[in-house]
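Q: With this note's numbering applied, the sequence shown corresponds to residues 321 to 740, in that order.
We put the CB at the ideal spot given by N, CA and C, even for glycine.
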Amino acid sequence: MKENTSEQKPKKKLNLTYQVIIGIVLGILVGYFSKTWGIHLQILGTAFLNLIQMVIVPLVFPLIVLGIIGISNAKRFGKIAIKSLIYFEIVTTFLIVLGIVLGQVLSIGDNINVGNVDTSSLGGVAHSIDFKTFLLDIIPSNIFDAFASGNLLPIIFFASFLGFSLNAIGEKAKPVVSFFESWSQAMFKLVEYAISFAPVGVFGFLAYDVAKYGLHNLISLGQFVLIAYAAFLITAVILFPIISLIFRVPYIDLLKNIGDLLLLTFTTGSSGVVMPSVIERLQKFGASRSVTSFVVPLGYSFNLDGASIYISLAVIFISNAFHQTLGLGQIITIVLFLAIITKGIAAVPSAVVVVLLAASHQLGLPAEGVALLMAVDFFVNMGRSSLNVIGNSLATVIIAKSEKEFDYTPEKNKLSFEGK
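Right, here's the structure in full:
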């Protein structure tokens, strides 16, 4: 008599990437055919986003502390920080120039009929950035306020000093270090549980966005959306591979390693959703914990590659749409202005809009142009956020490799959500 072995074989679980794709398709269909249901389903997307965001600060804080402890001396810490910031500045400035050149060559915005643009969407957004306040806010007068607001820069500052302090007291720090070790592992497990709800969250996000904004916005401002995505693709498939060749980083394997995270970022439009997972993936990919725990959060504030391209393209779009030609002096001014102002904007509410308004004001461009672009910001933001994740992952591996703290083998690339 033959044994029935079918019951003994566990059912193969559907890959989370496919689950997310199913969520995308269903979300678009529900949002398109039923606006009422689509609007109400926003709660699912918001709940998923909140689930991830609640873990970011509790995870990043101990990782920074442990990362600083792993960097045994202040001199080496300073070296890594300086390397990271120099790399961030060079790459983002080049991308700003790329955005401006593409916008000028392709005459982005020339054929747009601006008409009467509603600027009410800009009512609650600040029109300038106070650099003095920004710099002082990096040093928290109350660290609990920084924890409550989720502002990463003061958290990084405090965690760095705490790491140095724990290093200074030697053996007495062991109980605290052990606590942070256990705590960070618990947070990674919590992230793993939260990510399993991604298909439901993505379904809610897409249903709401399609129901509220519709698909027609892509048609009316299609030129800007297409050129923005062309710039994102040029960066991802040409510029980043060239950088990878220079530093001998296995770029394709890196993309495979974070591929499902990019899909999640694209569908939610938020790079913050995957930050904890990016840190964990890069460690398993071969980068040391001391580097990933410090460089990834720092990159989320100072290495916004997608935002750098978007803002520079948007400035050229607005100037062309309103027939205000920019001279060479103005273009040089805006490159220098954006190279500075795009650093640390992740801590600013409505960051991209604030910077775009500030840049437009600097050049005397109308705020109506910013309001016009906000109509399709949801679509562009998906690609912008995804490029930010790729850029920060590549930067982290490059810094780790420069510090001889990158131990890559092809086997480490065999990684997936369900295989952790």
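Would you list, in sequence order, the uninterrupted alpha helix (DSSP H) runs of no fewer than 4 residues that lie entirely inside the segment 362 to 391?
A: DSSP runs (the alpha helix (DSSP H)) wholly in the segment 362 to 391: 362 to 390.
Q: Name the residue from G365, I566, P596 whose alpha carbon lies nearest to the alpha carbon of I376.
A: Selected option, being the one with the closest Cα: P596.
Q: Along the chain, which unbroken stretches of the alpha helix (DSSP H) at least 4 residues long are found entirely within the segment 500 to 548?
A: You should have 518 to 533, 536 to 540.
Q: What would DSSP say about F726, mapped onto helix, strand or coil?
A: DSSP places F726 in strand when its eight states are reduced to three.
Q: Could you tell me whether the segment 613 to 632 touches the segment 512 to 527, using the rule of 3 or more Cβ pairs below 8 Å?
A: Output reads no: the segment 512 to 527 does not touch the segment 613 to 632.
Q: How long is the line joining the alpha carbons of I562 and G606, rounded to whole angstroms?
A: For I562 and G606, the distance between alpha carbons rounds to 21 Å.
Q: Return the residue from the list F614, F637, A679, L685 that minimises the CA-CA distance to K403.
A: Ranking F614, F637, A679, L685 by Cα distance to K403 puts F614 first.
Q: Report the residue from S713, S705, T413 whose alpha carbon sits nearest the alpha carbon of I578.
A: Among S713, S705, T413, the Cα nearest to that of I578 is on S713.
Q: What number of angstroms, rounded off, separates the C-alpha of Y728 from the C-alpha of Y338?
A: Rounded to the nearest angstrom, the two C-alpha atoms are 27 Å apart.
Q: For S461, count neighbouring Cβ atoms within 10 angstroms of its own Cβ and tell me buried if that reaches 16, exposed if not.
A: It counts as exposed.
Q: If you draw a straight line from the C-alpha of A556 to the C-alpha of G419, how long is it?
A: Distance between the alpha carbons of A556 and G419 is about 14 Å.
Q: The alpha helix (DSSP H) with D430 in it runs from where to where?
A: Premise fails: D430 is in no alpha helix (DSSP H) and is neither H nor E.
Q: With distance defined between alpha-carbon atoms, name the residue in G542, E725, R601 nearest to V700.
A: Considering only alpha carbons, the answer is G542.
Q: What are the complete alpha helix (DSSP H) segments, minimum 4 residues, inside the segment 572 to 628?
A: For the segment 572 to 628, whole alpha helix (DSSP H) runs of length 4 or above, ordered along the chain, are 595 to 605, 609 to 622.
Q: Is it true that the segment 494 to 509 meets the segment 571 to 591, where meeting means three or more beta-carbon pairs spaced less than 8 Å apart?
A: With a cut-off of 8 Å, the segment 571 to 591 and the segment 494 to 509 do not count as touching, because too few Cβ pairs lie within range.
Q: Kindly indicate which residue of S706, A641, K724, F657 has the alpha-carbon position closest to the one of L685.
A: Ranking S706, A641, K724, F657 by Cα distance to L685 puts A641 first.
Q: Within the chosen definition, does the segment 472 to 487 reach the segment 377 to 391 through at least 3 CB pairs nearer than 8 Å?
A: Yes: the two stretches touch, three or more of their Cβ pairs being nearer than 8 Å.
Q: Let me know the secondary structure DSSP gives I459 once reduced to three states.
A: Three-state DSSP puts I459 in coil, outside helix and strand.
Q: Could you pull the start and end residues of the alpha helix (DSSP H) that F560 belongs to?
A: It spans 560 to 567 - the alpha helix (DSSP H) in which F560 sits, taken as one unbroken run.
Q: Quick one: using the 10 Å Cβ neighbour count with 16 as the cut-off for buried, is L379 buried or exposed?
A: So L379 ends up on the buried side.
Q: Classify D430: buried if its beta carbon has 16 or more other beta carbons within 10 angstroms, exposed otherwise.
A: Its Cβ having fewer than 16 others within 10 Å, D430 is exposed.
Q: Tell me whether F726 is buried or exposed, calling it buried when 16 or more other Cβ atoms sit within 10 Å of its Cβ.
A: With 16 or more other Cβ atoms within 10 Å, it is buried.
Q: Measure the beta-carbon distance from G632 to N708 and round it to whole angstroms, keeping in mind my assumption that it falls under 8 Å.
A: Contrary to the premise, residue 632 reads as Ser rather than Gly in this sequence. Going by Cβ atoms, the distance from S632 to N708 rounds to 15 Å, so no, they are not a contact pair.
Q: Determine the contact status of I475 and A466, defining contact as a CB-CB distance below 7 Å.
A: A contact, by the Cβ cut-off of 7 Å.
Q: Could you spell out where the alpha helix (DSSP H) holding K355 opens and where it closes?
A: K355 -> alpha helix (DSSP H) spans 355 to 360.
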